[in-house]
Amino acid sequence: MRITPNKIYHEDCLKTLKKIEDNSIDCVITSPPYNMNLRIRNGEYTSRQIVKEFSTKYDGFNDNLPIDEFYKLHSEIISELLRVSNLIFY
């Protein structure tokens, strides 16, 4: 399946990225999730509920992932971005 230019895809970015051909994007500018509810305290990652509304603001998106899942998600996204483009601002 090919991506249609100038069309908005309301779906998980990984699902959309996998549809894009290798090296077919000139430049990617993105603002990834920041895991707003995850903080480092005494060298340990801890969750907080102060900004809970960010965790549920977007349809099914969880911005309160355990650190291992957070790193895994970003690793998958970055790998796909590097596959489709050589110029990425992440």
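Letter by letter, the sequence shown follows residues 35 to 124 in my numbering.
Glycine included, C-beta positions come from ideal geometry on N, C-alpha and C.
CA nearest to the CA of residue i, picked from the options
| i | options | result |
| --- | --- | --- |
| LYS53 | PRO67, SER65, ILE37 | ILE37 |
| ASN69 | ASP60, ASN57, ASN98 | ASN98 |
| LEU121 | ASP46, LYS41, VAL62, ILE42 | VAL62 |
| GLU103 | TYR79, ILE42, TYR43, SER58 | TYR79 |
Local conformation of residue i per DSSP, three classes
| i | result |
| --- | --- |
| THR50 | helix |
| SER89 | Model confidence at SER89 stands at a pLDDT of 49, short of 50, so the residue's coordinates are unreliable; what they give is reported in the following sentence. Helix, per DSSP. |
| TYR105 | helix |
| GLU78 | strand |
Neighbourhood of residue i by C-beta distance below 6 Å, restricted to the same chain and skipping five residues each side
| i | result |
| --- | --- |
| ARG117 | ASP56 |
Contact set for residue i: own chain, Cβ-Cβ below 8 Å, skip 5 residues either direction
| i | result |
| --- | --- |
| LEU48 | GLU110, ILE111, GLU114 |
Inter-residue CB distance, residue i and residue j (contact presumed, cutoff 8 Å)
| i | j | result |
| --- | --- | --- |
| PRO66 | HIS108 | 6 Å |
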